[in-house]
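Enquirer: Convert by adding 3 to the 1-based position in the sequence shown; the result is the number in my numbering.
Don't be surprised by glycine CBs; every beta carbon is placed ideally from N, CA and C.
Given the structure is predicted, the values throughout are model-derived calculations rather than measurements.
The structure is given below, and queries will be raised subsequently.
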Amino acid sequence: MAEIRVTSGRDGMVRVSAGRLSYDDEAAPGPDFTRAVLEVAGALLVWPVLGEPGPPVAEVHDVERAQQWLWALYGEEVAVAVQEAQAAQAAPEAQEGSPVRELTIPPTALAHSAARLAFGHWAARWWPASYTDGIGELEPGVLGLELAALTHECQELFADSDDFGDVDDFSGFSGFSGFHDSAADLIEEHEAALDPLIQWWRTATPQPTATTRHLDHVLRLIDDAADSAGLDGPALRRLRSALDQEQGPSLATAPVDPGTLFARQGGYALAAGAPSSAGDRVIARGSGTNDWRRYPPGFVDAAEDAVSWTARALGARRQIEVEVVAHVTAPVSGVPLVAEVLVDGGRPNRVPLDRRDDVWTGRGDLDLGPGPELSVATATPHIEVGVLLPGFDPGHGPGDRTDRDAVRELVRRRLTEAARAQQVTDAAQLPPHTGPDTRMPPFLAETLAAAATEEDY
Numbered sequence: 004m005a006e007i008r009v010t011s012g013r014d015g016m017v018r019v020s021a022g023r024l025s026y027d028d029e030a031a032p033g034p035d036f037t038r039a040v041l042e043v044a045g046a047l048l049v050w051p052v053l054g055e056p057g058p059p060v061a062e063v064h065d066v067e068r069a070q071q072w073l074w075a076l077y078g079e080e081v082a083v084a085v086q087e088a089q090a091a092q093a094a095p096e097a098q099e100g101s102p103v104r105e106l107t108i109p110p111t112a113l114a115h116s117a118a119r120l121a122f123g124h125w126a127a128r129w130w131p132a133s134y135t136d137g138i139g140e141l142e143p144g145v146l147g148l149e150l151a152a153l154t155h156e157c158q159e160l161f162a163d164s165d166d167f168g169d170v171d172d173f174s175g176f177s178g179f180s181g182f183h184d185s186a187a188d189l190i191e192e193h194e195a196a197l198d199p200l201i202q203w204w205r206t207a208t209p210q211p212t213a214t215t216r217h218l219d220h221v222l223r224l225i226d227d228a229a230d231s232a233g234l235d236g237p238a239l240r241r242l243r244s245a246l247d248q249e250q251g252p253s254l255a256t257a258p259v260d261p262g263t264l265f266a267r268q269g270g271y272a273l274a275a276g277a278p279s280s281a282g283d284r285v286i287a288r289g290s291g292t293n294d295w296r297r298y299p300p301g302f303v304d305a306a307e308d309a310v311s312w313t314a315r316a317l318g319a320r321r322q323i324e325v326e327v328v329a330h331v332t333a334p335v336s337g338v339p340l341v342a343e344v345l346v347d348g349g350r351p352n353r354v355p356l357d358r359r360d361d362v363w364t365g366r367g368d369l370d371l372g373p374g375p376e377l378s379v380a381t382a383t384p385h386i387e388v389g390v391l392l393p394g395f396d397p398g399h400g401p402g403d404r405t406d407r408d409a410v411r412e413l414v415r416r417r418l419t420e421a422a423r424a425q426q427v428t429d430a431a432q433l434p435p436h437t438g439p440d441t442r443m444p445p446f447l448a449e450t451l452a453a454a455a456t457e458e459d460y
């Protein structure tokens, strides 16, 4: 059971909350990467990824449109309370933020599915894949197809195609654009992963496990979503045929390691640093800040120490060399990734980075102020280095290593449980979750990441 509070919000909004702050509160805890978000008909739903589990905060800006799902997500009493809150806003004595009703509600099936859909979109943007941390990447095609299945399962949240939009329309959530594609769009985008997914289902162990049951559920949702949208194609026809013939796991088929069914990055060898020039000397070296908010997913290894730098003196010149560990799927060329360098809190300078093997690297001149007489003994500069993509970077924001470490811990726990779910035949045998992912089984992409071999990571 959850305690729900319905209040009149800002700018005519109605807020439904469960003891958590809304996205536009100045005191809202945590940076973007600690919140999962869904834009739905008439509202924005927000869950704290690192907080206590429970219903989402809803900022309802169109009560009439939101009524199509409020009752299913929160229950009939909350739907009525939201309608009353809208009516109360017109009263002369109405005060912003005053409670309209406080209620206790049971969990609903839609609330569970919506939380899972939001977490999946969060993972697509913020999953901290890292070679150096040993956190495997999520197979994007598999995650995309499961998001298609979940979007179809949660279709009553979305009135029409306008709701599969851009969360950037709401201030404070940069980087979430394009998450909420329709189920049909997601199926078409990731159709190449459908045949391997079918083969995984057909060659899974004949003794049903939590994973094989989940595979079956996802594939049936994909089939239903494709049928509802009028989609067709060879892979979708093969899926329908397999489901019609109940061609699932059987004793006659030897189980296959799912990791072999999906294309994976080969060996990962970090490149050696660029050779130093003759006669140079090191002034300073250190690690930079790896702020996940400042570049798109799939560009930089998410490890805290992925950014490193070395400042050198070459006669009267001062140069900085920056190296950033690349994500295993990072583009090889055509990306204007840069390092932002600040010396003693001064004006930021940008150093262009180029992909070389598995490292982004670049060099640039430093203006250290004192001039040629600067020496290691007399003046060691304070240098700060970050990495960003111009045009994408929202600038410096909240969040530090503590937040990122908490996300890594959450992900490691989920991967551990995903590995066990492949062997457990009774879901009740799975260990209880202790974090915000309570009662949220692993995604299929998490299962694949958990099964990655040491050679992969």
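Output yes or no for whether 9 Å exceeds the beta carbon distance between PRO51 and ARG407.
Expert: Numbered from 1 along the sequence shown, position 48 holds the residue referred to as residue 51. Numbered from 1 along the sequence shown, position 404 holds the residue referred to as residue 407. No, the Cβ-Cβ distance between PRO51 and ARG407 is not below 9 Å.
Enquirer: Straight-line CA distance for ASP361 to HIS330?
Expert: Here residue 361 refers to the residue found at position 358 when the sequence shown is read from its first residue. Here residue 330 refers to the residue found at position 327 when the sequence shown is read from its first residue. Approximately 8 Å, taken between the alpha carbons.
Enquirer: Only counting the same chain, and skipping five residues up and downstream in sequence, which positions put a Cβ closer than 6 Å to that of THR292?
Expert: As a working mapping, residue 292 is identified with position 289 in the sequence shown. Here the set comprises GLY389.
Enquirer: Mind checking which residues open and close the alpha helix (DSSP H) that includes ARG216?
Expert: On the sequence shown, residue 216 is found 213 positions in, with the first residue counted as 1. Unbroken alpha helix (DSSP H) run through ARG216: 213-232.
Enquirer: Take the Cβ of ALA319 as the centre, count every other Cβ of all protein chains shown within 10 Å, and call the residue buried at 16 or more, exposed below.
Expert: Start at 1 with the first residue of the sequence shown, and residue 319 comes out as number 316. By the neighbour-count rule (16 or more Cβ atoms within 10 Å), ALA319 is not buried but exposed.
Enquirer: Going by the DSSP bridge assignment, what does ASN352 pair with across the sheet?
Expert: Mapped onto the sequence shown, residue 352 falls at position 349. Looking at the DSSP assignment, ASN352 forms a beta bridge with VAL344.
Enquirer: Run through DSSP, which three-state label would ASP368 get?
Expert: As a position in the sequence shown, residue 368 is number 365, starting the count at 1. In the structure shown, ASP368 sits in a strand (DSSP, three-state: E or B).
Enquirer: Does DSSP put ASP357 in a helix, in a strand, or in coil?
Expert: Locating residue 357 in the sequence shown gives position 354, counting from the first residue. Note: ASP357 maps to strand in three-state DSSP.
Enquirer: When you compare the CB positions of ASP370 and ARG321, do they come within less than 9 Å of one another, or not?
Expert: Here residue 370 corresponds to residue number 367 of the sequence shown, with the count starting at 1. Here residue 321 corresponds to residue number 318 of the sequence shown, with the count starting at 1. Their beta carbons are under 9 Å apart, which means ASP370 touches ARG321 by this criterion.
Enquirer: Can the beta-carbon of ALA61 be found closer than 9 Å to that of ARG128?
Expert: Locating residue 61 in the sequence shown gives position 58, where the first residue counts as 1. Locating residue 128 in the sequence shown gives position 125, where the first residue counts as 1. Not closer than 9 Å, so no.
Enquirer: Closest to GLU192 by CA distance: which of PRO109, ALA424, LEU150 is it?
Expert: Here residue 192 corresponds to residue number 189 of the sequence shown, with the count starting at 1. That would be LEU150, whose Cα lies nearest to the Cα of GLU192.
Enquirer: Span of the beta strand (DSSP E) holding TRP295?
Expert: Locating residue 295 in the sequence shown gives position 292, counting from the first residue. Taken as a continuous stretch (DSSP letters only), TRP295 belongs to no beta strand (DSSP E), as it is neither H nor E.
Enquirer: Under a CB-based cut-off of 9 Å, is ALA305 close to chain D?
Expert: Chain labels in this structure do not include chain D; a single protein chain is all it has.
Enquirer: Buried or exposed: THR332, going by 16 or more other Cβ atoms within 10 Å of its Cβ?
Expert: As a position in the sequence shown, residue 332 is number 329, starting the count at 1. Classification of THR332: exposed, given that the 10 Å Cβ count is below 16.
Enquirer: Suppose contacts are defined by Cβ-Cβ distances below 9 Å. Is HIS124 in contact with LEU41 by that definition?
Expert: Mapped onto the sequence shown, residue 124 falls at position 121. Mapped onto the sequence shown, residue 41 falls at position 38. It is a contact, given that the beta carbons lie within the stated cut-off.
Enquirer: Could you spell out where the alpha helix (DSSP H) holding GLN70 opens and where it closes?
Expert: The count along the sequence shown starts at 1 and reaches residue 70 at position 67. Residues 66-77.
Enquirer: With a CB to CB cut of under 6 Å and the five nearest residues on each side skipped, what residues in its chain are close to SER174?
Expert: Position 171 of the sequence shown, counting from 1, holds the residue named residue 174. Confidence is the limiting factor: at SER174 the pLDDT is only 34, short of 50, which leaves the residue's position unreliable, though a coordinate-based value still follows. So the list is empty, once near-sequence residues are dropped.
Enquirer: For SER378 and GLY367, I'd like the C-alpha separation in whole angstroms.
Expert: The sequence position of residue 378 within the sequence shown is 375, counting from 1. The sequence position of residue 367 within the sequence shown is 364, counting from 1. Note that SER378 scores 47 on pLDDT, short of 50, meaning its location in the model is unreliable; the coordinates nonetheless yield the value given after this. When rounded, the distance between both Cα atoms is 19 Å.
Enquirer: Roughly how many whole angstroms lie between the Cα atoms of LEU197 and SER244?
Expert: Translated into the one-based positions of the sequence shown, residue 197 becomes position 194. Translated into the one-based positions of the sequence shown, residue 244 becomes position 241. About 13 Å.
Enquirer: Using the DSSP secondary-structure output, state which residues sit across from PRO51 in a beta bridge.
Expert: Residue 51 sits at position 48 when you count from the first residue of the sequence shown. Note: PRO51 sits in a beta bridge opposite ARG38.
Enquirer: What residue range is occupied by the uninterrupted alpha helix (DSSP H) comprising GLY144?
Expert: For this step, residue 144 is matched to residue 141 along the sequence shown. 143-156 is the extent of the alpha helix (DSSP H) around GLY144.
Enquirer: Helix, strand or coil for GLU420? Go by DSSP, reduced to three states.
Expert: Taking the sequence shown and counting its residues from 1, one reaches residue 420 at position 417. Of the three classes helix, strand and coil, the one that applies to GLU420 here is helix, per DSSP.
Enquirer: Taking all protein chains shown into account, decide if SER231 is buried (16 or more other Cβ within 10 angstroms of its Cβ) or exposed.
Expert: As a working note, residue 231 is residue 228 in the sequence shown. Burial call: exposed.
Enquirer: Three Cβ pairs or more, each shorter than 8 Å: is that satisfied between the segment 384-400 and the segment 299-318?
Expert: The segment 384-400 vs the segment 299-318: in contact.
Enquirer: State the CB to CB distance for the pair ALA84 and VAL103, rounded to an integer number of angstroms; the pair is presumed to be in contact (CB under 8 Å).
Expert: Numbered from its first residue, the sequence shown carries residue 84 at position 81. Numbered from its first residue, the sequence shown carries residue 103 at position 100. So it is a contact: roughly 6 Å between Cβ atoms.
Enquirer: Measuring CA to CA, which of PRO199, ALA5, ALA422 is closest to THR214?
Expert: Residue 214 sits at position 211 when you count from the first residue of the sequence shown. The residue with the shortest Cα to Cα distance from THR214 is ALA422.
Enquirer: Mapping DSSP to helix, strand and coil, what is ARG128?
Expert: Counted from its first residue, the sequence shown places residue 128 at position 125. Helix at ARG128.
Enquirer: Quick one: what does DSSP say ALA61 is sitting in, helix, strand or coil?
Expert: Position 58 of the sequence shown, counted from the first residue, corresponds to residue 61. Strand at ALA61.
Enquirer: Check whether the Cβ atoms of GLY15 and GLN71 lie closer than 9 Å to each other.
Expert: Here residue 15 refers to the residue found at position 12 when the sequence shown is read from its first residue. Here residue 71 refers to the residue found at position 68 when the sequence shown is read from its first residue. No, the Cβ-Cβ distance between GLY15 and GLN71 is not below 9 Å.
Enquirer: Report yes if the C-beta distance between THR107 and MET4 is below 9 Å; otherwise report no.
Expert: The residue labelled residue 107 in the question sits at position 104 within the sequence shown. The residue labelled residue 4 in the question sits at position 1 within the sequence shown. In contact: THR107 and MET4 (Cβ atoms closer than 9 Å).
Enquirer: Excluding the five sequence neighbours on either side, which residues of its own chain have a C-beta within less than 7 Å of the C-beta of SER164, listed in chain order?
Expert: Counted from its first residue, the sequence shown places residue 164 at position 161. Note that SER164 has pLDDT 48, beneath the 50 cutoff, so the model's placement of it is unreliable and the number below is only indicative. SER185, listed in sequence order.
Enquirer: So if DSSP puts GLY389 in a beta bridge, which residue, or which two residues, is it bridged to?
Expert: Sequence index remark: in the sequence shown, residue 389 carries index 386 (1-based). Partner(s): THR292, GLU343.
Enquirer: Does the distance from the CB of VAL327 to the CB of LEU340 come in under 9 Å?
Expert: Translated into the one-based positions of the sequence shown, residue 327 becomes position 324. Translated into the one-based positions of the sequence shown, residue 340 becomes position 337. Cβ atoms of VAL327 and LEU340: closer than 9 Å.
Enquirer: Taking the CB atoms as reference points, tell me whether ALA306 and TYR134 lie closer together than 9 Å.
Expert: One-based indexing of the sequence shown puts residue 306 at position 303. One-based indexing of the sequence shown puts residue 134 at position 131. Yes. Within cutoff.
Enquirer: Bridge partners for VAL9 per DSSP, in chain order?
Expert: Here residue 9 is taken as the residue at index 6 of the sequence shown, counted from 1. Its beta-bridge partners are VAL19, ARG104.
Enquirer: For TRP203, collect the residues of the same chain with a Cβ closer than 6 Å to its Cβ; drop the 5 residues on either side in sequence, then sort them by chain order.
Expert: Numbered from its first residue, the sequence shown carries residue 203 at position 200. Excluding sequence neighbours, TRP203 sits near PRO261, LEU264.
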